[in-house]
Amino acid sequence: MGIGDKHMFINALRHLFWVVPFAFIFSNVALADTEKNEMWPVLKEIYFENKTILTDADDWLILEAPTRAEDAATVPLTIESRRPQTAERYIKNIHIIIDDNPDPYSANFHLNPTMEHVDLTFRMRFQKYSTIRAIAEMNDGTLHMVSRFVKASGGCSAPVQKDPAAVKARMGKMQIRMREPEIGHEVPVQVLISHPNYNGLQFDQKTRGYFPAHYVKTMS
1 MGIGDKHMFI
11 NALRHLFWVV
21 PFAFIFSNVA
31 LADTEKNEMW
41 PVLKEIYFEN
51 KTILTDADDW
61 LILEAPTRAE
71 DAATVPLTIE
81 SRRPQTAERY
91 IKNIHIIIDD
101 NPDPYSANFH
111 LNPTMEHVDL
121 TFRMRFQKYS
131 TIRAIAEMND
141 GTLHMVSRFV
151 KASGGCSAPV
161 QKDPAAVKAR
171 MGKMQIRMRE
181 PEIGHEVPVQ
191 VLISHPNYNG
201 LQFDQKTRGY
211 FPAHYVKTMS
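Numbering (UniProt numbering), first residue to last: 1 to 220.
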């Protein structure tokens with residue numbers, strides 16, 4: 001099953017989950033503030049098949065996420081490694097899954113031993129209250145997970161605030177910020193990319209339609 005097929009399968013499951021009696025929906029409104037993992041068994045099977053995922057990644061990763069986000073369209077997240085990367089033992093990939101987003105598989109960071117210390121800061125959209133998972137894939141193939149529950153909603157379909165023409169004119173412009181390198185010291189690097197990352201859910205007030213999906217897929 002390809003990634004596209006998997007995403008279609010997930011969306012089909014969501015529609016199935018929505019076809020339930022209204023009485024059941026209203027009786028569970030009080031549970032909206034609590035963490036639920038209804039989708040995770042399905043997502044695990046789709047993205048990782050029958051592989052074992054250990055829930056001990058707190059020994060390897062720190063995942064910082066707000067309990068309640070101020071802006072669901074730009075939720076700040078930080079992933080930091082607790083142990084140094086070595087040629088013998090290192091994090092090869094960090095998979096980011098947001099259970100209840102329209103497209104749950106949100107990012108994959110490819111790493112190598114030259115990154116002695118992993119420290120990543122980025123922002124994500126959340127469509128509804130959801131668990132976010134950072135899954136460390138080690139160089140020996142083992143998987144270790146850490147998760148947090150974030151209260152944020154409407155971020156994936158939040159209206160575009162900027163002029164689309166101005167956004168298009170700046171699209172693709174990049175900037176790298178870093179301080180003067182010092183031998184033997186880590187150098188933080190900030191990469192800025194001007195891109196709206198339209199996901200197909202943002203409503204266009206002028207055309208009364210939706211902005212077509214247009215987002216950054218890969219950055220090396």
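Yeah, the Cβ is synthetic: ideal placement off N, Cα and C, and Gly gets one too.
Which partner residues does residue i have in the DSSP bridge list?
i: valine 146; result: Ala134
i: aspartate 204; result: Gly209
i: asparagine 93; result: His110 and Glu137
i: methionine 88; result: Sequence check: residue 88 is glutamate here, not methionine. DSSP, once it has assigned bridges, lists no residue as partnering glutamate 88.
i: isoleucine 62; result: Glu80
i: isoleucine 53; result: Leu143
i: lysine 151; result: Arg68
i: isoleucine 98; result: Ile132
For residue i and residue j, which I take to be in contact (beta-carbon distance under 8 angstroms), what is that distance rounded to the nearest angstrom?
i: methionine 124; j: valine 75; result: 5 angstroms
i: phenylalanine 126; j: alanine 69; result: 7 angstroms
i: isoleucine 96; j: alanine 134; result: 6 angstroms
i: isoleucine 132; j: isoleucine 98; result: 5 angstroms
i: histidine 195; j: methionine 219; result: Not a contact, Cβ separation roughly 10 angstroms.
i: serine 153; j: lysine 128; result: 5 angstroms
i: aspartate 103; j: serine 130; result: Incorrect: roughly 12 angstroms between the Cβ atoms, too far for contact.
i: tryptophan 60; j: alanine 136; result: 5 angstroms
Looking at the secondary structure, which residues open and close the beta strand (DSSP E) in which residue i lies?
i: leucine 120; result: 119-124
i: valine 75; result: 75-81
i: isoleucine 176; result: 174-178
i: glutamate 45; result: Unbroken run through glutamate 45 is the alpha helix (DSSP H), 40-48; no beta strand (DSSP E).
At what residues does the alpha helix (DSSP H) containing residue i begin and finish?
i: valine 191; result: Per DSSP, valine 191 belongs to no alpha helix (DSSP H); it is in the beta strand (DSSP E), 189-193.
i: proline 164; result: 164-170
Return yes when the C-beta of residue i is under 7 angstroms from any heavy atom of the ligand MN, and no when it is not.
i: methionine 171; result: With respect to the ligand MN, the structure shown offers nothing to examine, as it has no ligands at all.
Three CB pairs or more closer than 8 angstroms across the stretch 50-57 and the stretch 140-160 | yes
Is there contact between the stretch 133-143 and the stretch 77-94, where contact requires at least three CB pairs shorter than 8 angstroms?
-> yes
Inter-stretch contact (C-beta, 8 angstroms, three-pair minimum) for the stretch 77-85 and the stretch 108-123 | yes
Do three or more CB pairs link the stretch 188-203 to the stretch 155-162 at distances below 8 angstroms?
-> yes
Does the stretch 98-114 come close enough to the stretch 170-188 that 3 or more CB-CB pairs lie under 8 angstroms?
-> no
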